[in-house]
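Just below is one structure, and these are the notes that go with it.
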Amino acid sequence: MQLQRDEEVVFESERAILTNRRLLANLDRKRKETVTDDISLGNVATFKKSNSGRESRVRPGLKLLGTGLFVTLIQVVAMGVLPAFLELVMFLAGALGVVSGLYLILDSVLRIKPYTSVVFTIIGSRDVPVYFPGKDNPEADELARLYVRTKRNLNLT
């Protein structure tokens with residue numbers, strides 16, 4: 016990355032670099048020097064920070080699956096001894112536990128992991144998103160805070 020004259024780095028991470036004049040975003044992960052979005056701060060209208068993705072629910076899924084299998088096993092072993100209505104209720108409870116547990120496990124495996132995005136709205140161009148791993152990422156908060164301060168200082172000069 017090449018800095019312009021009288022330009023200072025205000026914020027730097029693997030995902031974005033904020034200087035006192037520009038936002039360099041979506042850095043190539045393999046070649047750190049490659050910048051895909053080079054935007055002058057004067058062209059940035061606003062930004063929006065948001066969280067997305069879902070947390071893993073494997074542990075509750077495994078508990079439900081185990082409980083469902085256990086109830087079904089008890090129902091099968093006690094078949095003929097219990098009244099028919101109680102057998103039916105135990106079978107339905109076990110099946111519900113197994114199906115719910117499998118759903119939670121598969122949903123957790125196929126989910127989008129939690130992330131925080133900061134989307135910068137550019138005047139006369141497309142929006143530029145910057146993604147950070149995890150929910151409420153402190154780097155995203157820092158980028159947003161420093162962007163506001165830098166933009167305010169840019170408007171004052």
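According to our numbering, the sequence shown is numbered sequentially starting from 16.
Cβ atoms here follow ideal geometry from the backbone N, Cα and C, with glycine treated the same way.
Given the structure is predicted, the values throughout are model-derived calculations rather than measurements.
Notebook entry, point to check: Near residue 147, which residues of its chain fall below 7 Å by C-beta distance, leaving aside the five closest residues on each side in sequence?
Noted result: 30, 130, 131, 154 and 155
| task | For residue 61, collect the residues of the same chain with a Cβ closer than 6 Å to its Cβ; drop the 5 residues on either side in sequence, then sort them by chain order. | result | 136
On a CA-only basis, which of 67, 166 and 167 is nearest residue 128? Give me that one, please.
67
Between the Cα of residue 143 and those of 102, 126, 54 and 20, spot the shortest distance and give me the residue it belongs to.
54
inquiry  = With three or more C-beta pairs closer than 8 Å as the rule, is the segment 19-26 touching the segment 101-115?
reply    = no
I need the straight-line Cα distance from residue 145 to residue 163, nearest angstrom please.
16 Å
Proximity of residue 72 and residue 121 at Cβ, strictly below 8 Å: no
Starting from the N-terminal side, write out each stretch of the beta strand (DSSP E) that is 3 residues or longer and does not extend beyond the segment 35-104. 37-42, 50-55 and 59-67
- prompt: Is it the case that the Cβ atoms of residue 113 and residue 88 are separated by a distance below 8 Å?
  reply: no
- request: Pick out whichever of 34, 64, 106 and 110 has its Cα sitting closest to the Cα of residue 56.
  value: 34
Exercise for the section: Compare the C-alpha of residue 134 against each of 93, 64, 69 and 90 and name the closest. Expected result: 64
As an exercise, report each continuous alpha helix (DSSP H) stretch of at least 4 residues that is fully enclosed by the segment 118-164, in chain order.
none
- Query: Going straight from the alpha carbon of residue 58 to that of residue 165, what length do you get?
  - Reply: 13 Å
Bridge partner(s) assigned by DSSP for residue 4: The question about residue 4 has no answer here: the residues shown for the chain are numbered 16 through 172.
> If we count the other Cβ atoms within 10 Å of its Cβ and call it buried at 16 or more, is residue 94 buried or exposed?
Replying inline: exposed
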